[in-house]
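Novice: Residue numbers (this note's numbering), protein chains in the order written: chain A, 60 to 472; chain B, 401 to 673.
For each residue, glycine too, the CB sits at the ideal point set by N, CA and C.
Note that this is a predicted model, so its numbers are computed, not measured.
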């Protein structure tokens, strides 16, 4: 049963190389499809990693001003697309202009994305101080005619969960009536591919793109970059119910900590990763044995996956043998700043469709990552409470808990 | 003391103001040579020195923020203040522009193998907060907030939201930017004589009689006004150096009915919430 004034998710807008909306992405996730392909759009032949989950943005939706959308950079377009779709899904499109709708947008490297896009279009934004450009959150605010405050938030791969935590507080404070929150990232650029590649963080299985990203597998060799995003409509449960919406799920809690260890290297000490998960469980008043599914951060790097597996074992103890865990990055690729938002979507997929998306390419589970894996095929299961971990470069630990809206899915439970 | 004021809306009580206490603040205005010197020395106030290797790759705005924090920590009553449970929020303007221009230049001439692995950790929007959390050994959330002209408001709203969760006793908020904006050549080298400015604010929710200032966040719950006032003439990164005459204040432009007012005192002052 949801608390009277809990915050619920009533709209989902998303796009990735796996699909252009919640239903398409869910179908791909449950079918175990990979979004990873050879890189196009620039010459990647000299890069150590030449594969990614790239996105081509669709044409402007007819409800929006096409010239504004066309002038936007891909990151702007991605966020506009997700925001528009989310408001549509929530039944608020059009009505939203009379409400104080805020936007908290997680983005990992917004300025770099804009400088790079501009340069590739022949511009010199990075050098020319006379040119100014609105932030993506301002761009989206204008394009969608939002009347509430906006915020960009950056915490590497954990940006989306931080954005959702902020939005939850904004609604609680009465700063907004409704909040769009989530994250978008268009991070497959020559520079990010080169920088992460030179860091040896990326897989080099260029000849087998779909098999490259192998979280928790003994033979994993790194992550694969991808693009896209997801924005969710968050609102108070009582107000949502008053307009006939139960919502997909309650945003029950977001636990946040940082390692304070290193800007790149994951801490070998899982103390603060554990603390983030425990904070989320305590805030939501959920016992570890009540969790039905964990969407792991697991990027397919040798160190990170082991560290997260250890943290999960510490938090869930003996329940770890029966709580299903998967890493949907094996299919989506690593969406960097948008990863947390798209992985929250994967949790909603599990709740709405009664099946858990798998970790694909998990042929030889690493004995150091002892978990109850959902390997290679989706698993039918009723998911009432789901946890999504997002652990960013630089030691940003976040753990999000969703509780299914029993009113909406009560019959299936 | 309760820091929130409530108003009635839709049959529920809502906060319409949120007050934060500034327990310390500091500022830095550093030229190129001064920034270069900071890369090689330890700043006072931090329990452990950051490695020169880390500082070698840090953005100038990160160094300026660390210097501002060092000054702020000098204001604190105890020398062994523990910020292990604090959060960090940073708002920078054009962070990493110089380094990224250099990366683009190098990619043109040398291809992907010439791209530094340091550019992403040190030049993305969370880099200042991340480096500060290393310096403090802090384990609260650390985030970059705000990417445009409204960065100050976004960062202060982020700090207020974090403190409202009651998981963390305080938040360091760092503002940084170049004054005037740094002009660079195609290799990313500076070609203007700009100063890197930063302000550090140590914020708590509880109102203390020994506060060094306060922040008043006010909003109209029913406002859907799209108009925005002119932005303030000085950024928060530049303002803290001007408190020598006793008190200085800064007000944000009004956006979506939200306005933030910051007051800084040159010495601890007792004030009513």
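Comparing alpha-carbon positions, which option in B:419, B:549, B:647 lies nearest residue 492 (chain B)?
Specialist: Start at 1 with the first residue of the second chain, and residue 492 (chain B) comes out as number 92. It is B:549.
Novice: Is the shortest distance between the beta-carbon of residue 277 (chain A) and the beta-carbons of chain B less than 8 Å?
Specialist: The residue given as residue 277 (chain A) occupies position 218 in the first chain. No, residue 277 (chain A) does not count as interfacial toward chain B.
Novice: Would the region 156-169 of chain A count as touching the region 201-208 of chain A if we require 3 or more Cβ pairs under 8 Å?
Specialist: In short, these stretches touch, since the Cβ pair count reaches three.
Novice: Can you check DSSP and say which residues form a bridge with residue 446 (chain A)?
Specialist: Residue mapping note: residue 446 (chain A) aligns to position 387 of the first chain, counting from 1. Paired residue(s): A:353, A:460.
Novice: Please list the partners that residue 504 (chain B) has in chain A, where partner means a Cβ-to-Cβ separation under 8 Å.
Specialist: Numbered from its first residue, the second chain carries residue 504 (chain B) at position 104. Residues of chain A passing the Cβ test: 174, 175, 178, 185, 250.
Novice: Which residues in the same chain have their Cβ closer than 6 Å to the Cβ of residue 196 (chain A), if we skip the five residues on either side of it in sequence?
Specialist: As a first step, residue 196 (chain A) is located in the first chain; it is residue number 137 there, counting from the start. Excluding sequence neighbours, residue 196 (chain A) sits near 162, 164, 209, 211.
Novice: Out of A:229, A:66, A:362, A:306, state which residue places its alpha-carbon closest to the alpha-carbon of residue 474 (chain A).
Specialist: A query on residue 474 (chain A) cannot be resolved here, the shown segment of chain A reaching from 60 to 472 and no further.
Novice: So is residue 157 (chain A) buried or exposed if we call it buried at 16+ other beta carbons inside 10 Å?
Specialist: Within the first chain, numbered from 1, the residue matching residue 157 (chain A) stands at position 98. Exposed: under 16 other Cβ atoms inside 10 Å.
Novice: So, is residue 506 (chain B) buried or exposed, given that buried needs 16 or more other C-beta atoms within 10 angstroms?
Specialist: Looking up residue 506 (chain B) in the second chain gives position 106. Burial call: buried.
Novice: Examine chain A for any beta-carbon lying closer than 8 Å to the beta-carbon of residue 603 (chain B), and answer yes or no.
Specialist: Along the second chain, one-based indexing puts residue 603 (chain B) at 203. Taking Cβ atoms only, chain A never reaches closer than 8 Å to residue 603 (chain B), which makes this a no.
Novice: Below 8 Å, how does it come out for the region 137-148 of chain A and the region 263-282 of chain A: are there three or more Cβ pairs, yes or no?
Specialist: Touching, no, given that fewer than three Cβ pairs across the two stretches are closer than 8 Å.
Novice: Compute the beta-carbon to beta-carbon distance between residue 443 (chain B) and residue 467 (chain B), rounded to the nearest angstrom, for a pair I have assumed lies under 8 Å.
Specialist: Sequence index remark: in the second chain, residue 443 (chain B) carries index 43 (1-based). Sequence index remark: in the second chain, residue 467 (chain B) carries index 67 (1-based). Right, the Cβ-Cβ distance comes to about 6 Å (below 8 Å), so this counts as a contact.
Novice: Anything in chain B within Cβ reach of residue 302 (chain A), meaning under 7 Å, just list it in chain order.
Specialist: For the purposes of this step, residue 302 (chain A) is identified with residue 243 of the first chain, where counting begins at 1. The contacting residues do not exist; residue 302 (chain A) stays about 13 Å from chain B at best.
Novice: In three-state DSSP terms, what is residue 378 (chain A)?
Specialist: In the first chain, counting from the first residue as 1, residue 378 (chain A) sits at position 319. Here residue 378 (chain A) sits in helix by DSSP.
Novice: Just to confirm, is the Cβ distance from residue 113 (chain A) to residue 149 (chain A) under 8 Å?
Specialist: As a working note, residue 113 (chain A) is residue 54 in the first chain. As a working note, residue 149 (chain A) is residue 90 in the first chain. Contact: no.
Novice: Tell me which residue opens and which closes the beta strand (DSSP E) that residue 210 (chain A) is part of.
Specialist: As a working mapping, residue 210 (chain A) is identified with position 151 in the first chain. That run of the beta strand (DSSP E) goes 209-213.
Novice: Just checking, does the region 250-257 of chain A make contact with the region 328-344 of chain A on the three C-beta pairs under 8 Å criterion?
Specialist: Not touching, per the Cβ criterion.
Novice: Pull up the distance between the alpha-carbon of residue 606 (chain B) and that of residue 568 (chain B), whole angstroms please.
Specialist: Here the question's residue 606 (chain B) lines up with position 206 in the second chain. Here the question's residue 568 (chain B) lines up with position 168 in the second chain. Those two C-alpha atoms are separated by around 12 Å.
Novice: Shortest alpha-carbon distance to residue 472 (chain B) belongs to which of B:573, B:609, B:585, B:582?
Specialist: Looking up residue 472 (chain B) in the second chain gives position 72. Minimum Cα distance to residue 472 (chain B) is reached at B:573.
Novice: Helix, strand or coil, according to DSSP, for residue 439 (chain A) in the structure here?
Specialist: For the purposes of this step, residue 439 (chain A) is identified with residue 380 of the first chain, where counting begins at 1. Strand at residue 439 (chain A).
Novice: Would you kindly report the start and end of the unbroken beta strand (DSSP E) that includes residue 81 (chain A)?
Specialist: Stepping through the first chain from its first residue, residue 81 (chain A) is reached at position 22. Segment 81-90 is the alpha helix (DSSP H) holding residue 81 (chain A); no beta strand (DSSP E) there.
Novice: Along chain B, in chain order, which residues have C-beta atoms closer than 8 Å to that of residue 436 (chain A)?
Specialist: One-based indexing of the first chain puts residue 436 (chain A) at position 377. What residue 436 (chain A) touches in chain B: nothing, since even the nearest Cβ is about 35 Å away.
Novice: Does residue 258 (chain A) have its Cβ less than 8 Å from a Cβ in chain B?
Specialist: Here residue 258 (chain A) corresponds to residue number 199 of the first chain, with the count starting at 1. At least one chain B Cβ lies under 8 Å of residue 258 (chain A).
Novice: Less than 8 Å between the C-beta atoms of residue 379 (chain A) and residue 340 (chain A), yes or no?
Specialist: Here residue 379 (chain A) refers to the residue found at position 320 of the first chain. Here residue 340 (chain A) refers to the residue found at position 281 of the first chain. Their beta carbons are not under 8 Å apart, which means residue 379 (chain A) does not touch residue 340 (chain A) by this criterion.
Novice: Let's see if you can read the secondary structure: which residues bound the beta strand (DSSP E) around residue 659 (chain B)?
Specialist: Here residue 659 (chain B) is taken as the residue at index 259 of the second chain, counted from 1. Note, residue 659 (chain B): beta strand (DSSP E), 658-665.
Novice: Determine whether the beta carbon atoms of residue 417 (chain A) and residue 437 (chain A) lie at a separation below 8 Å.
Specialist: To locate residue 417 (chain A), count along the first chain from 1; it is residue 358. To locate residue 437 (chain A), count along the first chain from 1; it is residue 378. Contact: yes.
Novice: So which residues of chain A does residue 530 (chain B) contact, with C-beta pairs closer than 7 Å?
Specialist: Within the second chain, numbered from 1, the residue matching residue 530 (chain B) stands at position 130. 322, 453, listed in chain order.
Novice: Under 8 Å, CB to CB, which of the residues in the region 220-233 of chain A have a partner in chain B?
Specialist: Answer in chain order: 221, 224, 225, 228, 229, 231, 232, 233.
Novice: For residue 660 (chain B), count the other beta carbons within 10 Å of its own beta carbon; 16 or more makes it buried, fewer makes it exposed. Which is it?
Specialist: Here residue 660 (chain B) refers to the residue found at position 260 of the second chain. So residue 660 (chain B) ends up on the buried side.
Novice: Among the residues of its own chain, which have a CB less than 7 Å from the CB of residue 619 (chain B), if the five just before and after it don't count?
Specialist: Start at 1 with the first residue of the second chain, and residue 619 (chain B) comes out as number 219. Counting only Cβ-Cβ distances below 7 Å, and skipping sequence neighbours, we find 416, 657, 658.
Novice: Among residues of its own chain, excluding the 5 on either side of residue 392 (chain B), which ones have a beta-carbon nearer than 7 Å to its beta-carbon?
Specialist: Residue 392 (chain B) is absent from the structure shown; chain B starts at 401 and stops at 673.
Novice: In chain order, what residues of the same chain lie with their CB nearer than 6 Å to the CB of residue 411 (chain B), ignoring the 5 residues before and after it?
Specialist: Taking the first residue of the second chain as 1, we reach residue 411 (chain B) at position 11. Caution applies to residue 411 (chain B), whose pLDDT of 45 falls short of 50 and renders its modelled position unreliable; the model cannot decide the point.
Novice: Quick one: what's got a C-beta closer than 8 Å to residue 63 (chain A)'s C-beta in the same chain, skipping five residues either side?
Specialist: In the first chain, counting from the first residue as 1, residue 63 (chain A) sits at position 4. Its pLDDT being 48, under 50, residue 63 (chain A) is placed unreliably in this model, and the value from its coordinates should be taken loosely. Only 296, 297 meet the Cβ criterion.
Novice: From residue 293 (chain A) to residue 462 (chain A), what does the alpha carbon distance come to, in whole angstroms?
Specialist: For the purposes of this step, residue 293 (chain A) is taken as the residue at position 234 of the first chain. For the purposes of this step, residue 462 (chain A) is taken as the residue at position 403 of the first chain. Roughly 14 Å separates the two Cα atoms.
Novice: Please report whether the beta-carbon of residue 206 (chain A) lies at a distance below 8 Å from any beta-carbon of chain B.
Specialist: The count along the first chain starts at 1 and reaches residue 206 (chain A) at position 147. Cβ-Cβ to chain B under 8 Å: yes for residue 206 (chain A).
Novice: Can you give the beta carbon distance from residue 513 (chain B) to residue 257 (chain A), rounded, assuming they're within the 8 Å contact cut?
Specialist: Here residue 513 (chain B) refers to the residue found at position 113 when the second chain is read from its first residue. Here residue 257 (chain A) refers to the residue found at position 198 when the first chain is read from its first residue. That belief holds up - the Cβ atoms of residue 513 (chain B) and residue 257 (chain A) are roughly 7 Å apart, short of 8 Å.
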